[in-house]
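Enquirer: The structure is given below, and queries will be raised subsequently.
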Amino acid sequence: MSIELFNESGVDVPEQLIIEAARFAMRRMEVHAGAELSIQLIDSDSMAELHVQWMDLPGPTDVMSFPMDELTPGGRPDADDPGPAMLGDIVLCPEFAAEQAKSQRHSFEHELAVLTVHGVLHLLGFDHAEPDEEREMFGLQGQIITDWYSARDDRKRFLEQAARDTRLLGDIGFADREGR
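Below is the structure:
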């Protein structure tokens, strides 16, 4: 999967975390490995302009998704036999996300991960305009975030154990400190 991130927001963000969350969501949703995604981080004023232009709503918002109309050969990612495709663009507003995280009493990083997954789901055709759609989308979003944190924790434990094993093998003479 190719994910490009452009930070034009002026806010320092954990870019790798955003990319990891997007990649995890795409894999979880079984998006073709050749799919492409663009994530753009913009300031509040720019987001407000997009919000008015595309949603006819005033002020900035946290995330907007713009599915790609022209797909590469292979079809849509939700087709029976999906091929690689340009999914589209996710636009995030870190300033808005920071305020939202503060008001909901969780971390900025968590808010960015949730908004990224939310954006991916929108690109894949999920919506929350109706109560049934909202339950489905937010339920799926919550499960993906939970699974992502679990996978990150598993990876962290694996790496910590590998480091301990390398030190132990070095201490007893079976390998040098780098595990060779």
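Residues 14 to 193 in our numbering are what the sequence shown spells out, letter by letter. Note that CB positions come from ideal geometry on N, CA and C, so glycine has one too. Bear in mind that the values here come from a model prediction, so they are computed numbers and not experimental data.
1) Report the start-end ranges of each alpha helix (DSSP H) in the segment 67-146 that is 4 residues or longer and not cut off at the edges.
2) Using the rule of at least 16 other Cβ atoms within 10 Å of the residue's Cβ for burial, across every protein chain shown, is MET68 buried or exposed?
3) Along the chain, where does the beta strand (DSSP E) that runs through GLU43 open and close?
4) What residue from LEU134, GLY186, GLU124 and LEU18 has the CA that sits closest to ARG40's CA?
5) When the Cα atoms are used, what is the spatial distance from ALA35 to GLY186?
6) Is it the case that the CB of LEU50 approaches a heavy atom of the ligand COA more closely than 7 Å?
7) Who are ILE16's beta bridge partners in DSSP?
8) Looking at ILE49: is its Cβ nearer than 8 Å to the Cβ of SER15?
9) Taking ILE55 as the reference, give the member of PHE109, LEU153 and GLU143 with the closest Cα.
10) CYS106 and ASP140: beta carbons closer than 8 Å?
11) Starting from the C-beta of LEU84, find all residues in its chain whose C-beta is less than 7 Å away, skip the five residues before and the five after it, and write them out in chain order.
12) Mind reading off the beta-carbon distance from ALA38 to ILE157? Whole number of angstroms is fine, and I expect it under 8 Å.
Expert: So, to answer that:
1) 107-117 and 121-136
2) The residue given as residue 68 occupies position 55 in the sequence shown. Flag for MET68 reads exposed.
3) Here residue 43 refers to the residue found at position 30 when the sequence shown is read from its first residue. Per DSSP, GLU43 belongs to no beta strand (DSSP E) and is neither H nor E.
4) Stepping through the sequence shown from its first residue, residue 40 is reached at position 27. Comparing Cα positions, the closest option is LEU134.
5) Indexing the sequence shown from 1 puts residue 35 at position 22. Indexing the sequence shown from 1 puts residue 186 at position 173. Approximately 42 Å between the Cα atoms of the pair.
6) Of ligands this structure carries none, so the ligand COA is not represented either.
7) Looking up residue 16 in the sequence shown gives position 3. Answer is LEU50, bridged to ILE16.
8) Stepping through the sequence shown from its first residue, residue 49 is reached at position 36. Stepping through the sequence shown from its first residue, residue 15 is reached at position 2. The identity of residue 49 in the sequence shown is Glu, whereas the question assumes Ile. Inclusion of GLU49 and SER15 in the CB contact set at 8 Å is warranted, their separation being smaller than that value.
9) As a position in the sequence shown, residue 55 is number 42, starting the count at 1. Checking every option, the nearest Cα to that of ILE55 belongs to PHE109.
10) Here residue 106 refers to the residue found at position 93 of the sequence shown. Here residue 140 refers to the residue found at position 127 of the sequence shown. Contact: no.
11) On the sequence shown, position 71 is the one that residue 84 refers to. Because LEU84 sits at a pLDDT of 46, beneath the cut-off of 50, its placement in the model cannot be relied upon, and the point is left open.
12) One-based indexing of the sequence shown puts residue 38 at position 25. One-based indexing of the sequence shown puts residue 157 at position 144. 5 Å between Cβ atoms; contact.
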